[in-house]
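A.B. asks: Supplied in structure tokens, the structure appears directly below.
In our numbering, the protein residues as written are -6 to 208.
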């Protein structure tokens, strides 16, 4: 995990002087919000799972909050990862798996005049499995672990951390390349009022995307 984070940090810091010269001044005040999407690589661990290789799919985020100072923002972040296995398993049902995090975050800019930031926070995580397909489905496949009629869901503790860079294109708007690592421990996934169908669930997501930030 450390290598991708360090690599992204080096790239972002290396290009920051050129970006600052070409961009609008970095001014932060009042309410801010950001959204974006990109690629996410997820890994799952659970008692019923095969040892975890990573899977790639769509990832995205929404963040909003308030400005504490030129170098510090506080707010909320919601992030998610989605993968539909309908085509892979040649099933007629929707087989979308969902991983998510909801966290209170702090965003810190080491230099007020730069758009480079680091971000961290904690809160809740979520995991959701689709209803098990009626066609043949391998017992160890993640898309096949849910209950037949309702799938399986759970919430637990979660955390998130990341880096990014605000490239100012207007006085109050930036294009924001962003790298995020999130981890969740929902535990036992089950239908409402029923025994767990999956136990010991943990997941992590490495995501890179591009978004818009409004300051």
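Think of the CB as a built atom: it goes at the ideal place given N, C-alpha and C, for glycine as much as any other residue.
1) Could you pull the DSSP bridge partners for residue 168 from this structure?
2) According to DSSP, is residue 135 part of a helix, a strand, or is it coil?
3) Just mark residue 66 as buried or exposed, buried being the case when its beta carbon has 16 or more other beta carbons within 10 Å.
4) Have a look at the DSSP bridge pairing and note the partners of residue 116.
5) Report the CB separation of residue 73 from residue 98 in whole angstroms; it is logged as a contact under 8 Å.
6) Taking the alpha carbon of residue 49 as the point to measure from, which residue in 57, 31, 170, 154 has its own alpha carbon closest?
7) Quick one: is residue 279 buried, meaning 16 or more other Cβ sit within 10 Å of its Cβ, or exposed?
8) Using the C-alpha atoms, what's the distance from residue 110 back to residue 174?
9) Return the chain-ordered list of same chain residues with a C-beta closer than 7 Å to the C-beta of residue 55, the five sequence neighbours on each side being excluded.
10) Span of the beta strand (DSSP E) holding residue 32?
11) How should residue 46 be labelled, buried or exposed, when 16 other C-beta atoms within 10 angstroms of its C-beta is the threshold for buried?
12) With residue 56 as the anchor, note down where its beta strand (DSSP E) starts and where it stops.
13) Have a look at the DSSP bridge pairing and note the partners of residue 102.
14) Helix or strand or just coil, what does DSSP make of residue 175?
15) Measuring CB to CB, does residue 121 end up less than 9 Å from residue 88?
16) Taking C-alpha atoms, which residue in 177, 170, 77, 24 lies nearest to residue 153?
17) Can you tell which of 23, 36, 143, 17 has its C-alpha closest to the C-alpha of residue 197?
18) Between the C-alpha atoms of residue 203 and residue 61, what's the straight-line distance to the nearest angstrom?
19) With a CB to CB cut of under 6 Å and the five nearest residues on each side skipped, what residues in its chain are close to residue 26?
20) Going straight from the alpha carbon of residue 78 to that of residue 104, what length do you get?
21) Report the three-state DSSP secondary structure of residue 195 (helix, strand or coil).
22) Hey, how far is the Cα of residue 42 from the Cα of residue 124?
23) Using only CA atoms, which one of 21, 106, 53, 96 lies nearest to residue 59?
C.D. replies: Let me lay it out:
1) Under DSSP, residue 168 takes part in a beta bridge, and its partners are 160, 205.
2) Reduced to three states, the DSSP call for residue 135 is helix.
3) Here residue 66 is buried, its C-beta having at least 16 other C-beta atoms within 10 Å.
4) DSSP links residue 116 through a beta bridge to 96, 151.
5) The Cβ separation is near 15 Å, so there is no contact.
6) When the alpha-carbon of residue 49 is set against those of 57, 31, 170, 154, the nearest one is in 31.
7) Here the chain comprises residues numbered -6 to 208, so residue 279 is not present and cannot be evaluated.
8) Roughly 14 Å separates the two Cα atoms.
9) For residue 55, the CB contacts under 7 Å within the same chain, skipping 5 residues up- and downstream, are 28, 71 in chain order.
10) Start and end: 24 to 38.
11) Exposed, by the Cβ-count rule.
12) Taken as a continuous stretch (DSSP letters only), the beta strand (DSSP E) holding residue 56 covers 48 to 62.
13) The secondary-structure analysis by DSSP pairs residue 102 with nothing; it has no beta-bridge partner.
14) Strand, per DSSP.
15) For the pair residue 121 and residue 88, the CB atoms are not nearer than the 9 Å cut-off.
16) Of the candidates 177, 170, 77, 24, the one whose C-alpha sits nearest the C-alpha of residue 153 is 177.
17) When only C-alpha atoms are compared, the closest one is 36.
18) About 24 Å.
19) Only residues of its own chain outside the window of five on either side were considered, and among them 57, 207 have a CB closer than 6 Å to the CB of residue 26, listed in chain order.
20) Answer to the nearest angstrom: the Cα atoms are 44 Å apart.
21) Reduced to three states, the DSSP call for residue 195 is strand.
22) Roughly 17 Å separates the two Cα atoms.
23) Proximity to residue 59 across 21, 106, 53, 96 peaks at 21, based on C-alpha coordinates.
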